[in-house]
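Residue numbers (our numbering): 50 to 374.
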Amino acid sequence: MTDATLVAGVLAGSRRDLAKAITLVESTRPDHAERALQLLEAVLPCAGKSLRMGVSGVPGVGKSTFIEALGMHLIEQGHRVAVLAVDPSSSRSGGSILGDKTRMERLSLRAEAFIRPTPASGALGGVAGKTREAMLLCEAAGFDVIIVETVGVGQSETAVAGMSDVFVLLQLPNAGDELQAIKKGIVELADIVVVNKADIDPAAAELACAQMRGALSLLRPGSKSWRPPVLALSAARNQGIDGFWRLIEKFRETQQASGEFEAKRRRQALAWMWTLIEAGLASRFKSHPAVRAALPELSVAVESGTIAPAAAANRLLGYLNHSSL
Ligand code: GDP
Numbered sequence: 050m051t052d053a054t055l056v057a058g059v060l061a062g063s064r065r066d067l068a069k070a071i072t073l074v075e076s077t078r079p080d081h082a083e084r085a086l087q088l089l090e091a092v093l094p095c096a097g098k099s100l101r102m103g104v105s106g107v108p109g110v111g112k113s114t115f116i117e118a119l120g121m122h123l124i125e126q127g128h129r130v131a132v133l134a135v136d137p138s139s140s141r142s143g144g145s146i147l148g149d150k151t152r153m154e155r156l157s158l159r160a161e162a163f164i165r166p167t168p169a170s171g172a173l174g175g176v177a178g179k180t181r182e183a184m185l186l187c188e189a190a191g192f193d194v195i196i197v198e199t200v201g202v203g204q205s206e207t208a209v210a211g212m213s214d215v216f217v218l219l220q221l222p223n224a225g226d227e228l229q230a231i232k233k234g235i236v237e238l239a240d241i242v243v244v245n246k247a248d249i250d251p252a253a254a255e256l257a258c259a260q261m262r263g264a265l266s267l268l269r270p271g272s273k274s275w276r277p278p279v280l281a282l283s284a285a286r287n288q289g290i291d292g293f294w295r296l297i298e299k300f301r302e303t304q305q306a307s308g309e310f311e312a313k314r315r316r317q318a319l320a321w322m323w324t325l326i327e328a329g330l331a332s333r334f335k336s337h338p339a340v341r342a343a344l345p346e347l348s349v350a351v352e353s354g355t356i357a358p359a360a361a362a363n364r365l366l367g368y369l370n371h372s373s374l
């Protein structure tokens, strides 16, 4: 298959070609890198038209149950839904997003859905480095709601929030749970907080909502037109999903009206370019022959205090001046 056929397939909405295109983008082979860039260039004019939603929460909070319920609801309304799962713990056995084959079974059977785990590490640009590109490909393939899921560990939240229009934090209806999320700095990222499993004990869920609202009111608002709402629902019983989606639509309308929606996307695109530049520079630096030759000795010298870290860094960086990057 030529790359032109692949592009045409993606643009025609073929899930098979979309999967192939994402595999190409994720590849670490140097000859694939150039093709992947061309592919992204070719589809870019058709990307960007979706709503990008990040979903985070600790393992067991009900992310996949929630995304499946939401996905089915959206499909009923005529949307096409892509789910990209970023899992920084995927290399460990157990508890990983990718390990559990039974996740989102109903949704995965639907032609209007596309579900794909993306490798979290090893990519240029760090955690979720390739997820952003996969997202653009999904958009080009006509998926108009992209859900990027991540577990509540590592720096993946920040990475996913940095590529989302709206970031949703799922919480358990446990007293004090909000303190955990606050401590980790995740609450600041949230545009909407959902307390899931409200069916188990509705009163406890309401209390958790009230505590979360209290906690949110202490934070500096991240948007001038939006205060993050907190709502309780039950993903497993499919209760509250429609209300949640109405909130998302309200978020989009409010943010579009204030200009913040587009401004955020522009900021994110530019930040992503810089992330890639910095990652590219670091990678070229580390693989530069002169740097590689001098690094072990200079590292020992820095450790033993015979050379100042600044002097060592200066010398190593100097090697880059003597040759083209
Ligand atoms: P994830 O690890 O965050 O993706 O969580 P899962 O979606 O796999 O859900 C973890 C467990 O919680 C599963 O046994 C679900 O059936 C259960 N669960 C998810 N949502 C709800 C809910 O709204 N109510 C109840 N009672 N259980 C739920």
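Where a beta carbon is used, it is the ideal one built from N, C-alpha and C, also for glycine.
- With a 10 Å radius around the Cβ and a threshold of 16 neighbouring Cβ atoms, Thr51 comes out exposed.
- Your pair Ala189 and Val59 checks out as a contact, with CB atoms roughly 6 Å apart and the cut at 8 Å.
- The Cβ-Cβ distance between Val92 and Leu221 does not fall below 9 Å.
- Not one heavy atom of the ligand GDP is found less than 8 Å from the C-beta of Phe300.
- A contact is defined here as three or more CB-CB pairs under 8 Å, and the region 324–338 fails this definition with respect to the region 304–315.
- If you check the C-beta of Thr167 against the ligand GDP, you find no heavy atom less than 8 Å away.
- The secondary-structure analysis by DSSP pairs Gln317 with nothing; it has no beta-bridge partner.
- A direct Cα-to-Cα measurement between Leu219 and Phe334 gives close to 40 Å.
- In this structure, the alpha-carbon of Ala361 lies about 8 Å from that of Ser348.
- Secondary structure of Glu198 (DSSP, three-state): strand.
- Using a cutoff of 8 Å, the CB of Ala253 does not count as near the ligand GDP, since none of the ligand's heavy atoms is closer than that.
- The closest heavy atom of the ligand GDP lies 8 Å or more from the beta carbon of Asp291.
- For Gln126, there is no enclosing alpha helix (DSSP H), as DSSP gives it neither H nor E.
- Here Thr355 is exposed: its Cβ has fewer than 16 other Cβ atoms, across all protein chains shown, within 10 Å.
- Distances between the C-beta of Ala285 and the heavy atoms of the ligand GDP include at least one below 8 Å.
- For Val135, the distance from the CB to the nearest heavy atom of the ligand GDP is not below 8 Å.
- Bridge pairing for Thr167: Val135 [DSSP].
- Annotation: Arg364 is outside any beta strand (DSSP E); the continuous alpha helix (DSSP H) that includes it extends over 358–370.
- Counting the other Cβ atoms within 10 Å of the Cβ of Ala53 gives fewer than 16, which makes it exposed.
- Beta-carbon to beta-carbon, Phe115 and Ala284 are separated by about 4 Å, close enough to satisfy the 8 Å threshold.
- Within the DSSP bridge table, the entry for Arg101 names Ile195 as partners.
- The DSSP assignment places complete beta strand (DSSP E) segments of no fewer than 3 residues inside the region 265–314 at 279–281, in order along the chain.
- The C-alpha of His337 is placed about 37 Å away from the C-alpha of Ile235.
- Just so you know, the alpha carbons of Met102 and Ala350 end up roughly 48 Å apart.
- Residue burial annotation: Met261 is buried, with at least 16 other C-beta atoms found within 10 angstroms of its C-beta.
- Residue pairing by DSSP puts Leu219 in a beta bridge opposite Val243.
- Residue burial is scored here from C-beta neighbours: Asp80 has fewer than 16 other C-beta atoms within 10 angstroms and is therefore classed as exposed.
- When beta bridges are read from the DSSP output, Gly106 appears opposite Val200.
- A distance below 7 Å between beta-carbons, with the five flanking residues on each side excluded, links Ser113 to the following residues of its chain, in chain order: Arg152, Met153.
- By DSSP's assignment, Val130 forms a beta bridge with Ala162, Val194.
- Taking a cut-off of 8 Å on C-beta distances, the region 117–136 does not touch the region 236–244, as fewer than three cross pairs fall below it.
- Judged by their CB atoms, Gly211 and Ala320 are nearer to each other than the 9 Å cut-off.
- Judged by the Cβ position, Ser332 fails to qualify as a neighbour of the ligand GDP at the 8 Å threshold, every heavy atom of the ligand being at least this far.
- Burial is judged here by how many other beta carbons sit within 10 angstroms of a residue's own beta carbon; Gln87 has fewer than 16 and is exposed.
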